[in-house]
Each structure stands twice: as structure tokens, then as C-alpha cells.
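Inspection log for the structure reproduced underneath, given as C-alpha cells.
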Amino acid sequence: MWWDAHSHLSFYSEQDLNRVFSEGALLGLTTWLQGGYDQSDWERQQQIYRQFPKQIRTAFGLHPWAVTALAPRQLELQWTRLTDLAPQAHLIGETGLDYFHSREPQQLVLQEDFFRRHLILAAELSKPLVLHIVQAHGPALTILKASGQAFRGLVHAFSGSPEVAEGYLRLGFLLSVGPGLLKKGYKQLKQTVATVDLKHLVIESDSPQNTEKPEVEVNWVPRVARAVGEIKGTAPEEVLAISRSNLERLGL
């Protein structure tokens, strides 16, 4: 009974969703945690949760990409809607900073503003966070530390160094490892996996890999678990069992 720590089931049709759950069950996958993007995504997650309440854990948040893409008025309207819906979610996010996707100073300031808003919202509701941090670990850690809040949650698609990892671990976050581990390169990530105790790691698919042409992909989680196990000298089944236990500690 394994868990996928991060996916986007909202991209799938009803037919494909049934395939995800049935084919996933054959591999031992039972539960998929989500990453939120914008209002249409939250509403789709709610639909899926009503149909499949045992299989998913919802996450509502304004993704950094959505923050910079929405017009100012629409952004504020969606934020208001998020504050209304957030009590129903299992997690708050995705939220964070993406300095690769957006480099204009005004956009970076906007991302930081909404990152802080999400942190306050998660603290008020006592909900775990889903962080999306790309080329911005220093600023993100500074904002997290300055908030003065106690956190729990996960850093999605983590690929940073052991030193960066330690910064998040000290704040109470789990590191979510995905298909990047299977690619050439990613030396920092592989070093981090070798260094960090399994009690701090969770396994994700971040599926579908292609959101424009979403294909049913259920084998990423066992494949990533196998790669982690090879680095750690641990059976993939144990990696997945520990990952699930770590996620359950978040109160999910």
C-alpha cells in the first residue's frame, strides 16, 4: 500500500483516472497526494476527491507560475477563493519561488508576497505545505525562517545539495524525490539521497510528465524507490514503506 507523494491527477480524463487507479493498484499504489495550481485545478481535485476519497489527498494553492501568469484582479479573486476552500484541503500548495521560470524583479516580488501569504494560511489552518522551489533555495529558506512559524510538509521535486537539504530538514520539511533521480547528472540530488536518512525522504512521480498530452504513468514511484534503494542499500519495498510512514506523520 504505497503512496505517491506528488502528482497532478487533475490533468487526467475520467477514463484515464480509472486506469491510473486500477494499474496503480497492481503495483501496490493506493494513495496519490496532489499539487495545487489554480482555481480550476482545485475544483477538479474536489471532483476527483468526491469520486475517489480513499485514493487522493487534495492540495490547494496558487503555484508560482500561476501567480505570475494571472492578471492582478484575477489573482486576488483566486486568492480570496483559495482562503474559502483551503479548510477543505489536506495540504496547502504548491507554493514557493521559481526564479528559473520568472526573473523579472516585479514578478519575483509578487512570488515572494504570495509565498508569505500561503505560509500564514497554512499556519492558521495547521495544514502541511507543498513547496515548489526552483533556483531560489536561499531566498525561500530566508522567508521560511523569518516567518517564525513551525512547519510541516514536503519540498516537491527536491534536487538540491545536502547543505540545502539540511536547511529544510531543520524547519520540519520532508524532501520529495522524483524522476530526476533516474536521469543522467543530478549529482547533488544523488549525493543528498546518499546522505539524508530515509526518515526525511518521500517518493513522488510528479505525473503526468507531459501535461499537454497526459499519459497514464504509474510506474514512476516504484522506479524512483528502486533507485533510492540502490543508493541506500535498501529494498525498494522498505523505501516505499518508510515514505508512506513519513507522509502519514504529516497528519494525512
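Counted the way my numbering counts, the sequence shown spans residues 7 to 258.
C-beta: ideal position from N, C-alpha, C; glycine also.
Since the model is a prediction, treat every value here as computed from it, not as a measurement.
| Item | Value |
| --- | --- |
| Cutoff 8 Å; reference residue 65; Cβ partners in own chain excluding five residues on either side | 39, 40, 41, 42, 51, 95, 96, 97, 98, 99, 100, 136 |
| Segment contact, 8 Å Cβ cut-off, at least three pairs: the region 65-76 with the region 113-133 | yes |
| 8 Å contact criterion, which residue 12 and residue 210 should meet: CB distance rounded | 4 Å |
| DSSP state of residue 171 mapped onto helix, strand, coil | helix |
| Whether residue 203 touches residue 185 by CB criterion (8 Å) | no |
| Range covered by the beta strand (DSSP E) that runs through residue 182 | 179-183 |
| Buried or exposed (CB count within 10 angstroms, at least 16 for buried), residue 57 | exposed |
| Beta-carbon proximity check, residue 82 vs residue 103, cutoff 8 Å | no |
| Identity of the residue in 120, 207, 238 nearest residue 249 by Cα | 207 |
| Anticipated Cβ contact below 8 Å, residue 173 with residue 156, distance rounded | Rounded, the Cβ-Cβ distance is 15 Å, inconsistent with contact. |
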